[in-house]
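**Student:** Numbering (my numbering), first residue to last: 18 to 163.
Structure below; questions to follow.
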């Protein structure tokens, strides 16, 4: 069924892929610029911070009370909610840090391969998110539409 943690992870993946695509496209545009160093976003860093965010989402067992957005009803403290928010910030931070490679050793084929892999990750995340929303829509409407 629809889970907010999964939807949030997919949204962050889509945003990461879009930012990475812009950087990779810039690498292609500047391929012939003397002294240009290719740039990229760190996929392993993004995946690690996304994993932390998902682990923080798993620790959440009850929704916060309506009066306090940071209060966890079960534990009686604000720490689980704040830990989840910190994990989300780390995901966003990892996706905004540009990692510079050593020299201009990347060639056109490498850049195109990275763009293709990035596009596949983006398309997959969008398809999964659409599936999540379609499932929610079917649950709300009470009917199955294909």
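C-beta atoms are modelled at their ideal positions from N, C-alpha and C, and glycine is treated no differently.
Give me the residue from 151, 158, 138 with the minimum Cα distance to residue 31.
**Tutor:** Among 151, 158, 138, the Cα nearest to that of residue 31 belongs to 138.
**Student:** Leaving out five residues on either side along the sequence, give the residues of the same chain with a beta carbon under 6 angstroms from the beta carbon of residue 159.
**Tutor:** So no residue of the chain qualifies.
**Student:** So the candidates are 46, 47, 104; which of them puts its Cα closest to the Cα of residue 65?
**Tutor:** Residue 65 has its Cα closest to that of 104, out of 46, 47, 104.
**Student:** Relative to the C-alpha of residue 39, which candidate in 62, 135, 107 has its C-alpha closest?
**Tutor:** Taking residue 39 as reference, the option from 62, 135, 107 with the minimal CA-CA separation is 135.
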